[in-house]
Ligand SMILES: C[S@@+](CC[C@H](N)C(=O)[O-])C[C@H]1O[C@@H](n2cnc3c(N)ncnc32)[C@H](O)[C@@H]1O
């Protein structure tokens with residue numbers, strides 16, 4: 000799109016210049032040759048500058064959104080400040096309490112982990128509790144300053160770069176990762192899915208996640224109730240003050256999915272058959288932290 004805009008704008012500028020020259024030629028009182036030289040001298044650098052400017056914009060847009068200088072580079076840092084990091088451990092205490100005890104085994108994957116800061120904090124808390132933890136963090140993009148892999152006597156945390164959540168089944172196979180108890184996709188692949196590939200990625204992702212969960216394992220996605228007015232004001236304030244979002248500045252994944260499912264009830268039907276859905280909210284947390292928990296129904300129950 001920016002490339003096409005660049006060509007169209009340059010052609011328009013050339014057209015305007017030639018029309019201008021054409022009309023000036025008809026005026027006798029003007030030294031047309033001199034004026035022609037002046038216009039050409041201005042036009043050439045102007046065209047070069049326009050091409051350069053659009054080139055820069057084009058390059059910026061093509062850059063991956065979460066790259067070091069990408070347009071969403073600061074999103075993660077600012078959201079961690081907004082949400083804090085305590086909630087993720089509390090969430091597991093509420094959803095898989097039997098796994099948060101000394102000596103238990105727990106495997107977790109986050110398929111859209113970005114820098115993996117929440118996950119690193121969670122890893123530490125679980126290790127402190129004596130849980131034997133296997134944690135696998137991945138992201139589609141190459142993320143600057145993501146957490147380092149960790150090997151401890153209580154378990155491991157591994158970060159894998161540039162893996163598409165939609166390919167999680169083949170990625171798990173290749174990396175020899177066994178099915179997990181908990182899978183996070185918070186504001187990640189499923190958030191983008193309704194707008195990509197005509198929405199086909201929604202069911203594709205749910206099917207892939209189903210395949211890499213243990214029977215009874217849970218998929219966790221964000222389910223905050225965020226109003227349109229709230230989003231607009233937070234976006235405006237957030238664009239002025241670059242330190243911390245005053246509140247959520249975009250819809251949650253379930254808000255996006257619910258809209259999509261209205262038009263695609265057959266996808267919802269498949270999900271309802273394969274998962275039990277419940278919601279968990281962290282008490283007295285500002286801003287609201289509410290997650291949708293999709294519990295895999297045992298293969299034999301399907
Ligand atoms: C808004 S950030 C959310 C990061 C993190 N999940 C959180 O809640 O803070 C979106 C992340 O999802 C990742 N992402 C988007 N589509 C993805 C996909 N198909 N596979 C893996 N990661 C994806 C992006 O690269 C980005 O790091």
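Residue numbers (this note's numbering): 0 to 301. Every residue, glycine too, gets a C-beta built ideally from N, C-alpha and C.
Here the C-alpha atom of residue 259 lies approximately 18 Å from the C-alpha atom of residue 292. At a Cβ-Cβ threshold of 7 Å, residue 106 and residue 210 do not count as neighbours.
Annotation: residue 112 to residue 136 spans about 6 Å, alpha carbon to alpha carbon. By the C-beta criterion, the stretch 112-121 is judged to be in contact with the stretch 77-97, since at least 3 inter-stretch pairs fall below 8 Å. When the five nearest sequence neighbours on each side are left out, the beta carbons in the same chain lying within less than 8 Å of the beta carbon of residue 229 are those of 246, 247, in order along the chain. When 40, 97, 10 are compared, the shortest CA-CA separation from residue 216 is found for 97. For residue 163, the CB falls within less than 6 Å of some heavy atom of ligand 1.
Going by beta carbons, residue 158 and residue 169 fall outside the 7 Å limit. DSSP, reduced to helix, strand and coil, places residue 44 within a helical segment of the structure shown. Scanning 119, 138, 152 for the CA closest to the CA of residue 131 turns up 152. For residue 193, there is no enclosing beta strand (DSSP E), as DSSP gives it neither H nor E.
By alpha-carbon distance to residue 83, the top candidate from 238, 288, 39 is 288. Residue 221 is positioned such that its CB atom lies no closer than 7 Å to that of residue 270. Looking at the DSSP output, residue 151 bridges to 154. In the DSSP secondary-structure assignment, residue 138 is not bridged to any residue. Buried is the label assigned to residue 254, since at least 16 other Cβ atoms lie within 10 Å of its Cβ. It is roughly 20 Å from the alpha-carbon of residue 192 to the alpha-carbon of residue 69.
Excluding sequence positions up to five before and after residue 108, its CB lies within less than 6 Å of the CB of 135, 179, 182, all in the same chain and listed in chain order. Around residue 212, the same chain offers 178, 179, 182, 218, 295 as residues with beta carbons nearer than 7 Å, after the five sequence neighbours per side are excluded.
For ligand 1, no non-hydrogen atom lies closer than 6 Å to the CB of residue 197.
Annotated three-state conformation of residue 282 is coil, per DSSP. For residue 110 against residue 11, the beta-carbon gap comes to about 45 Å, at or over 8 Å, which does not count as contact.
Judged by beta-carbon spacing, residue 175 lies beyond the 7 Å limit of residue 63, meaning their Cβ atoms are not closer than that value. As DSSP reads the structure, residue 159 sits in a beta bridge with 137. Straight-line spacing of the CA atoms in residue 165 and residue 285 works out to 32 Å. With a cutoff of 7 Å on beta-carbon distance, residue 67 and residue 143 are scored as near each other. About 5 Å separates the Cβ atoms of residue 190 and residue 252, confirming a contact at the 8 Å cut-off. If you look at residue 170, you'll find it isn't in any beta strand (DSSP E); it sits in the alpha helix (DSSP H) that goes 167-174. Residue side-chain check: residue 186 places its Cβ nearer than 6 Å to a non-hydrogen atom of ligand 1. In this structure, residue 65 has its beta carbon less than 6 Å from a heavy atom of ligand 1.
Residue 124 sits buried, since 16 or more C-beta atoms from the chains shown fall within 10 Å of its C-beta. Looking at the DSSP output, residue 108 bridges to 135, 182.
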